[in-house]
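Working notes, structure below.
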Amino acid sequence: MARHLQLSQEELERVTKLMSEFYDHRDDSKLHDLFRLFDLNGNGTIEATELQAVMSQVSGERIPEEEIRDMIREADANKNGVIEFNEFIEVMRRHRD
Ligand SMILES: [Ca+2]
Ligand SMILES: [Ca+2]
Numbered sequence: 130m131a132r133h134l135q136l137s138q139e140e141l142e143r144v145t146k147l148m149s150e151f152y153d154h155r156d157d158s159k160l161h162d163l164f165r166l167f168d169l170n171g172n173g174t175i176e177a178t179e180l181q182a183v184m185s186q187v188s189g190e191r192i193p194e195e196e197i198r199d200m201i202r203e204a205d206a207n208k209n210g211v212i213e214f215n216e217f218i219e220v221m222r223r224h225r226d
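Numbering (my numbering), first residue to last: 130 to 226.
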């Protein structure tokens with residue numbers, strides 16, 4: 130089931146809302162929902178293409194590949210090139226705290 134690598138308007142609003150709950154209200158309970166929104170193809174990991182697509186939509190401008198690579202490198206604790214859920218939690222918390 131190939132999916133277009135882009136969030137719908139509704140999903141984009143949800144990402145923005147969940148991020149604000151996470152950062153502003155320190156609500157960790159929504160991280161799994163957030164992870165699933167980033168995981169556009171639903172395979173259980175966040176790939177570079179997905180991170181770029183979502184981050185670009187959220188910020189409203191295209192994030193360069195180089196920046197995406199740095200973000201992945203920072204988050205990718207087991208060095209397999211993709212972000213698993215536990216790595217996602219770690220990096221999100223590190224950025225907030
Ligand atoms: Ca994925
Ligand atoms: Ca990984």
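Every residue gets a Cβ at the ideal spot worked out from N, C-alpha and C, and that includes glycine. Owing to the predicted nature of the structure, the values given are computational and were not obtained by experimental measurement.
field: Residues bridged to residue 175 [DSSP beta-bridge criterion]
entry: Translated into positions along the sequence shown, residue 175 becomes position 46. Note: residue 175 sits in a beta bridge opposite 212.
query: Closer than 7 angstroms: is that where the CB of residue 172 sits relative to any heavy atom of ligand 1?
result: The count along the sequence shown starts at 1 and reaches residue 172 at position 43. Result yes, Cβ under 7 angstroms from ligand 1.
- request: Kindly list the residues whose CB is nearer than 8 angstroms to the CB of residue 135, restricted to its own chain and excluding five residues on each side of it in sequence; keep chain order.
  value: For the purposes of this step, residue 135 is identified with residue 6 of the sequence shown, where counting begins at 1. Excluding positions up to five away in sequence, the list reads 169, 182 and 186.
message: Can you list, in chain order, the residues of its chain with a C-beta nearer than 6 angstroms to that of residue 211? Leave out the 5 residues immediately preceding and following it.
response: Taking the first residue of the sequence shown as 1, we reach residue 211 at position 82. Only 174 and 176 meet the Cβ criterion.
query: What distance in whole Å lies between the Cβ atoms of residue 206 and residue 216, which are believed to be in contact at a cut-off of 8 angstroms?
result: Position 87 of the sequence shown, counted from the first residue, corresponds to residue 216. Position 77 of the sequence shown, counted from the first residue, corresponds to residue 206. That pair is a contact at about 5 angstroms.
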